[in-house]
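Below is one structure, written out as structure tokens; the observations come after it.
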Amino acid sequence: MSRSKLIKDTTREERLRIVQEALAWGDDCDGVSGLTSGVDAMYQPYIDGEMELFECNMRNSASSYVLSDRNRPSTGGMCMMGH
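Listed below in structure tokens is the structure:
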């Protein structure tokens, strides 16, 4: 069974290791303390215990797909499926 990755069930060092392993960083490191400089800023709130990992991922996904009105395609009143 997989171990919980929730903030309440992990230490800061464990969260740092979780992120590093997920991003394939730290493979050659003996320890993880003091290695936060190479970690993507997207995951820093999780490492610091401020936001769950899934929340970091959701926040990043949502911001990646937001288009301003001027960048949205015009559909002429029809949906994108042509209906």
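In terms of the numbering used here, the sequence shown opens at residue 9 and continues consecutively.
A virtual CB, placed ideally from N, CA and C, is assigned to each residue, including glycine.
Exposed or buried, which one is residue i when buried takes at least 16 other CB atoms within 10 Å?
| i | result |
| --- | --- |
| residue 41 | Because the pLDDT of residue 41 is 46, which lies under 50, any placement of that residue in the model is unreliable, and the number read from its coordinates should be weighed accordingly. Its Cβ having fewer than 16 others within 10 Å, residue 41 is exposed. |
| residue 25 | buried |
| residue 19 | exposed |
| residue 61 | buried |
Have a look at residue i and residue j and give me their C-alpha separation to the nearest angstrom.
| i | j | result |
| --- | --- | --- |
| residue 32 | residue 51 | 14 Å |
| residue 58 | residue 10 | 22 Å |
| residue 16 | residue 68 | 22 Å |
| residue 43 | residue 49 | With a pLDDT of only 47 at residue 43, under 50, the local geometry of the prediction cannot be trusted, and the value read off the model is given with reservation. Rounded to whole angstroms, residue 43 to residue 49 spans 13 Å at the Cα level. |
| residue 13 | residue 29 | 13 Å |
| residue 22 | residue 53 | 14 Å |
| residue 66 | residue 27 | 15 Å |
| residue 56 | residue 70 | 21 Å |
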